[in-house]
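For reference, the structure is listed below as structure tokens.
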């Protein structure tokens with residue numbers, strides 16, 4: 025189940041791209057979802 029981290033430039037974030045969690049990278053989309 026790839027999530028939003030699959031296309032990030034950070035190797036650390038990409039290694040979690042297949043975690044069963046709906047991760048968001050830091051940014052406007054994450055902040056909008058949190059509101």
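In the numbering used here, the protein residues as written are 25 to 59. Backbone N, C-alpha and C define an ideal beta-carbon position, used for all residues, glycine too.
- In chain order, 41, 42 place their CB closer than 7 angstroms to the CB of residue 26, counting only its own chain and leaving out the 5 sequence neighbours on each side.
- Sixteen is the threshold: since fewer than 16 other Cβ atoms of the shown chains lie within 10 Å of the Cβ of residue 55, the residue is exposed.
- By the CB criterion at 8 angstroms, residue 29 and residue 50 fall outside the cutoff.
- A direct Cα-to-Cα measurement between residue 35 and residue 57 gives close to 24 angstroms.
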